[in-house]
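S.K.:
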């Protein structure tokens, strides 16, 4: 195996791999690192479901990806992780149309946003980054269990070091709201979720990972989604930052 480093790109980590017959679902894939992972995996033969918060963004992303990967197999899905009904609608439709998932990449997220609540009444960052992906993964579990060596990758962040999960007051009902503390709570929850999923689903053949792409959390990310923040990084840096999350779900197949 060639040595990989900070400048290794998605194309380099996938060199020589044939992903034909494998199906990948990526949340928040309309831009940034999610889209780069979608591009690279499709270029190596995978079928990729590209999801975004609204249909226009998802369809525009698929159109752009088809230009980047002629003949690539993409389909668009609408998943608003801050709305459980949107998640249920997507998973119902997906399971009706697809028998199996080989890779699920829980990539979407919000970062350091003003105080607010999801449609279902949860603090925005905890509800979107953790609870939304928890429900999505749980509802897609039947398809994952039918996948070929299935993998779940959940995006983590160094931001987890800012705060532990506070189940006593997850919605900041009594605690003064701090956007970065809320972000840290959600990212700690992501890492713990990935670990517990590995423990519970591992015996059934599903591997679970949390992956930090290496992007530095700064005040520049305030009020932006993570994927939009990453859009300011040039294309070369995107391909390097997306390499880890692209490699991890596929490494046993090298």
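Residue numbers (the numbering used here): 78 to 331.
Note that beta-carbon positions come from the ideal geometry of N, C-alpha and C, so glycine has one too.
#1: Looking only at DSSP bridge pairs, what is residue 126 linked to?
#2: Below 8 Å between beta carbons: does that hold for residue 123 and residue 142?
#3: What does the alpha-carbon distance come out to for the pair residue 127 and residue 100?
#4: Write down the C-beta distance between residue 156 and residue 167 rounded to the nearest angstrom, noting that I regard them as a contact closer than 8 Å.
#5: Please classify residue 276 as buried or exposed, where buried requires at least 16 other C-beta atoms within 10 Å of its C-beta.
#6: Taking the C-alpha atoms as reference points, what is the distance between residue 178 and residue 188?
#7: Taking the Cβ atom as the reference point for each residue, do residue 108 and residue 184 lie within a distance shorter than 8 Å?
#8: Would residue 87 be called buried (16 or more neighbouring beta carbons within 10 Å of its own) or exposed?
#9: Got a sec? Which residues, its chain only, sit under 6 Å from residue 130 by beta carbon, not counting five neighbours each side?
#10: State the Cα-Cα distance for the pair residue 176 and residue 248, rounded to the nearest angstrom.
#11: Determine, using beta-carbon pairs with one atom in the region 192 to 207 and one in the region 264 to 273, whether at least three such pairs fall under 8 Å.
#12: Please classify residue 138: is it buried, with 16 or more other beta-carbons within 10 angstroms of its beta-carbon, or exposed?
#13: According to DSSP, what are the bridge partners of residue 168?
#14: Exposed or buried, which one is residue 290 when buried takes at least 16 other CB atoms within 10 Å?
#15: So who's on the other strand from residue 286, going by DSSP bridges?
#16: Quick check on DSSP: helix, strand or coil for residue 96?
#17: Hey, quick one: how far does the alpha helix (DSSP H) through residue 258 stretch, first residue to last?
#18: Our contact map puts residue 171 next to residue 198 with C-beta atoms below 8 Å; I'd like the distance itself, whole angstroms only.
#19: Who are the Cβ neighbours of residue 256 in its own chain at under 6 Å, not counting the five residues just before and after it?
#20: Answer with yes or no whether the minimum CB distance from residue 181 to chain B is below 8 Å.
#21: Please report the Cβ distance between residue 195 and residue 160, rounded to the nearest whole angstrom; I am assuming they are in contact, meaning their Cβ atoms lie under 8 Å.
#22: Which residues share a DSSP beta bridge with residue 200?
#23: Which word fits residue 250, buried or exposed, when buried means at least 16 other C-beta atoms lie within 10 angstroms of its C-beta?
#24: Decide if residue 162 is buried, meaning its Cβ has at least 16 other Cβ atoms within 10 Å, or exposed.
#25: Between 106, 117 and 113, which has its C-alpha nearest residue 94's C-alpha?
#26: According to DSSP, is residue 91 part of a helix, a strand, or is it coil?
#27: What's the C-alpha gap between residue 282 and residue 253?
M.R.: Once the coordinates are examined:
#1: 102 and 152
#2: no
#3: Pairing residue 127 with residue 100, the inter-Cα distance amounts to about 11 Å.
#4: Confirmed, about 5 Å.
#5: exposed
#6: Rounded to whole angstroms, residue 178 and residue 188 show a C-alpha spacing of 28 Å.
#7: Result no, Cβ atoms of residue 108 and residue 184 do not sit closer than 8 Å.
#8: Buried, since its Cβ has 16 or more Cβ neighbours within 10 Å.
#9: 157
#10: 36 Å
#11: The region 192 to 207 is in contact with the region 264 to 273.
#12: buried
#13: Bridge partners of residue 168: none, in fact.
#14: Buried is the call here.
#15: 230
#16: The answer is coil: DSSP assigns residue 96 none of H, G, I, E or B.
#17: Counting along the chain, the alpha helix (DSSP H) containing residue 258 begins and ends at 256 to 278.
#18: Wrong, their Cβ atoms sit about 25 Å apart, outside the cutoff.
#19: 189
#20: This model lacks chain B altogether, as it is built from one protein chain only.
#21: The pair is a contact, with the Cβ atoms about 7 Å apart (cut-off 8 Å).
#22: 194
#23: exposed
#24: exposed
#25: 117
#26: coil
#27: 42 Å
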